[in-house]
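Visitor: Before I ask anything, here is the structure I am working with.
Numbering (the UniProt record's numbering), first residue to last: 1 to 140.
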């Protein structure tokens with residue numbers, strides 16, 4: 001049986017991915033317009049397809065990490081998620097003038113949910129579970 005910290009990690013992390021998916025869908029046209037307006041990217045022929053591919057990868061990688069952390073007790077996946085999150089925080093752009101804009105609020109909410117979820121991975125019950133071996137379908 002998975003410990004409470006892992007269960008809460010899973011809930012919060014998947015909620016953050018759901019909100020991120022909604023944000024991607026609602027800002028899709030804006031993202032495509034930005035890519036098409038960038039001369040360097042336009043010269044490469046990037047457009048709608050590139051935005052779809054990047055969005056899919058942006059959701060697929062966290063889903064894979066979630067699976068290996070929450071269902072397979074992978075400490076490696078935990079540390080990879082921590083590393084990618086720290087790298088993502090370095091590139092987090094918050095425009096105070098637009099703090100009420102829906103996309104900025106969703107970005108902040110997604111970031112907060114993911115940070116809380118990651119902190120849960122460092123609680124004693126989660127650390128012990130992630131350190132265990134022979135995990136099959138989330139049960140050590």
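Every residue, glycine too, gets a C-beta built ideally from N, C-alpha and C.
Would you kindly work out how many angstroms separate the C-alpha atoms of residue 71 and residue 81, rounded to a whole number?
Guide: 15 Å
Visitor: According to DSSP, simplified to helix, strand and coil, what is residue 72?
Guide: coil
Visitor: Whose C-alpha, out of 34, 84, 59, 2, is nearest the C-alpha of residue 20?
Guide: Minimum Cα distance to residue 20 is reached at 59.
Visitor: Please say whether residue 6 and residue 101 have beta carbons closer to each other than 9 Å?
Guide: no
Visitor: Take the Cβ of residue 114 as the centre, count every other Cβ of all protein chains shown within 10 Å, and call the residue buried at 16 or more, exposed below.
Guide: buried
Visitor: Please tell me whether residue 16 and residue 31 are closer than 9 Å, where the distance is taken between their beta carbons.
Guide: No, the Cβ-Cβ distance between residue 16 and residue 31 is not below 9 Å.
Visitor: Residues in its own chain within less than 6 Å of residue 117 by CB, not counting five upstream and five downstream?
Guide: Result list for residue 117: 9, 12, 13, in chain order.
Visitor: Are the beta-carbon atoms belonging to residue 41 and residue 53 less than 9 Å from one another?
Guide: no
Visitor: Grouping DSSP H, G and I as helix and E and B as strand, with all else coil, what is residue 3?
Guide: coil
Visitor: Does residue 80 come within less than 9 Å of chain D when only Cβ atoms are used?
Guide: No chain D is present in this structure, which holds just one protein chain.
Visitor: Output the distance between the C-alpha atoms of residue 131 and residue 75, rounded to the nearest integer angstrom.
Guide: Roughly 7 Å separates the two Cα atoms.
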